[in-house]
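Residue numbers (the working numbering), protein chains in the order written: chain E, 11 to 176; chain B, 42 to 316.
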């Protein structure tokens, strides 16, 4: 929980703007990467709960409550069901998986945000695509950090216990 | 959080959390935004560290009824600009009218009209206006210059949307006037006619009357047309008539400039009686 809180404060704060590129303020979505990390590493009930909680955190750090929680919850639950199929051992697999999930999550989030607020971000397609590309690009580094942080706090995820990370 | 075992079924857990998420989604933003504010205020000192990023520019969703397509927007913008230009023109006319009215001794309403064109020739001195019977104009009404300071002529012809003004310098134009000098109590009342050039003449004034250069010439009040005298010009020359030595040959110089007539005011004393 503390780990998620730290990530939430980090992504909501001004410090995180140092990673922003282009005038569209494209940034990697580390909360989404964390959601995917927990979804594929934890047992299914934990993965479902964690996905919704990270979505809640993304909402609370964002502009409106609901869109991220639904999108992350749905995609995290789906990922937890597919964790035996989706093996993200290779860097390219991680990057591709995070890119696709970020693309779907971004689109779903923007759609739900539109439904709730009747507002949309300018150049929404570019923003969603940019965020997904950026998230996919930084995914391997974030993955390593999350792994290290998980071990540091004494948590050994199910998958981590099940197979060695090569 | 995650390392604790959750002892509920996956389906029940998923459904419960999804219901909560949907509840957040459908709850109006005015209520849920308190959570966002609470988070931001609680961690404000940490969140403020670093440089502020670019603000997210949000725009209304294209599907809402408050938004129109670009093409329609452009059309509406053009209509708006035209309407605004008309409004500005009306405001300008209103101000001119108010200014004109403020300097007038008459009580009747004024109609402001623009000079469409003018015809100054040997055959006549006329200007054409863009207002007619629809604006309350009728033949014979007195016409003032743009500043509302002096009489320039009277309406000779009128249609529904236009009118012709015969200037006082037109040789066919005649008007009852009064010659008055400052300090004198009485005045001489006669008919004034245009000389067909750039002035007017007042014939049949006996040399018994004391008329001098510089005396003011006023349009005399007329029932239903003008309720108080309005200046037309001044006496430019006065000499004995060559044909009738007992009479004065009086030349009047109008005070208005024919070349700069763009707007005129028409005195409409009784608009209800106008056709």
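Cβ coordinates follow ideal geometry from the N, Cα and C atoms, glycine included.
Neighbour flag for residue i against chain E, beta carbons, 8 Å
| i | result |
| --- | --- |
| residue 56 of chain B | no |
| residue 138 of chain B | no |
| residue 49 of chain B | yes |
| residue 170 of chain B | no |
| residue 66 of chain B | yes |
| residue 73 of chain B | yes |
| residue 315 of chain B | Its pLDDT being 44, under 50, residue 315 of chain B is placed unreliably by the model, and the measurement read from it follows with that caveat. No, residue 315 of chain B lies away from the interface with chain E (no Cβ there is under 8 Å from its Cβ). |
| residue 109 of chain B | no |
| residue 152 of chain B | no |
Short Cβ contact (8 Å threshold) for residue i with residue j
| i | j | result |
| --- | --- | --- |
| residue 246 of chain B | residue 291 of chain B | yes |
| residue 317 of chain B | residue 178 of chain B | The shown model of chain B, from 42 to 316, leaves out residue 317 of chain B, and the question about it has no answer. |
| residue 44 of chain E | residue 14 of chain E | yes |
| residue 42 of chain E | residue 112 of chain E | yes |
| residue 271 of chain B | residue 257 of chain B | no |
| residue 109 of chain E | residue 146 of chain E | yes |
| residue 172 of chain B | residue 160 of chain B | no |
| residue 184 of chain B | residue 212 of chain B | no |
| residue 63 of chain B | residue 55 of chain E | no |
| residue 170 of chain B | residue 193 of chain B | no |
| residue 216 of chain B | residue 265 of chain B | no |
| residue 29 of chain E | residue 133 of chain E | no |
Residue(s) in a DSSP beta bridge with residue i
| i | result |
| --- | --- |
| residue 167 of chain B | B:160 and B:207 |
| residue 80 of chain E | Residue 80 of chain E pairs with nothing; no bridge assigned. |
| residue 271 of chain B | B:260 |
| residue 154 of chain B | B:305 |
| residue 296 of chain B | DSSP output for residue 296 of chain B lists no bridge partner at all. |
| residue 65 of chain E | Residue 65 of chain E pairs with nothing; no bridge assigned. |
| residue 196 of chain B | B:206 |
| residue 230 of chain B | B:219 |
| residue 235 of chain B | B:241 |
| residue 247 of chain B | B:288 |
Interface flag, residue i vs chain B, CB-CB below 8 Å
| i | result |
| --- | --- |
| residue 157 of chain E | no |
| residue 145 of chain E | no |
| residue 27 of chain E | yes |
| residue 117 of chain E | no |
| residue 38 of chain E | no |
| residue 23 of chain E | yes |
8 Å Cβ cut-off: residues of chain D touching residue i
| i | result |
| --- | --- |
| residue 60 of chain B | Absent from the structure: chain D. Protein chains present are E and B. |
**Three-pair Cβ contact test at 8 Å for the stretch 84-91 of chain E versus the stretch 41-59 of chain E** = yes
**Asked** Using 8 Å as the Cβ pair cut-off and three pairs as the minimum, do the stretch 120-136 of chain E and the stretch 69-79 of chain E touch?
**Response** yes
**Request:** Count the CB pairs spanning the stretch 62-69 of chain E and the stretch 79-86 of chain E that are closer than 8 Å, and state whether there are at least three.
**Result:** yes
**Item:** the stretch 112-132 of chain B contacting the stretch 271-291 of chain B, beta-carbon criterion three pairs below 8 Å
**Value:** no
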